[in-house]
Amino acid sequence: LGSGSESTIDIASGVDCSTILAIVFGLGQVGCHVVKDVANSYVLDPLKDSLVGGVVEGVPGMESAAGAYTEASNGMIRGSRKVEKFKKFYKDTFK
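Numbering (the numbering used here), first residue to last: 54 to 148.
Printed below as a string of structure tokens:
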């Protein structure tokens, strides 16, 4: 499990310890991911958004380029959804 992962768990005799250990290790894993997600969502992502927004506003012509990119990427997403719908229709109808 790695360095610093030592735990002492007092379990009464006759108790199925596998469930208790699974819960303890699961909470440890979830805790690590929660901290990482909170740091990304509330610290790093807003900083990145602020930096990108500052650059887009500060460079002449960049706002129109960013708008064109956004429109193109949204169009690609809509197109991929149409392909997925057609694929599902084909699968449900002909297979």
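Just so it is clear, CB atoms sit at the ideal spot from N, CA and C, and this is done for glycine as well. None of the values given here were measured: they were computed from a predicted structure.
C-alpha gap between Val108 and Lys138, whole angstroms
Answer to the nearest angstrom: the Cα atoms are 38 Å apart.
Endpoints, alpha helix (DSSP H) assigned at Thr61:
Element bounds for Thr61: n/a, residue is neither H nor E.
What is the DSSP secondary structure of Val112, reduced to helix, strand or coil?
Three-state result, Val112: coil.
Considering just the uninterrupted stretch of the alpha helix (DSSP H) at Ser66, what are its terminal residues?
First-last for Ser66: undefined, no H or E at that position.
Under 9 Å, do Ile76 and Ile64 count as touching if we go by C-beta distance?
Cβ distance not < 9 Å, so Ile76 and Ile64 don't count as in contact.
DSSP three-state call for Lys148: helix, strand or coil?
In this structure, DSSP gives Lys148 a state outside helix and strand, which the three-state scheme calls coil.
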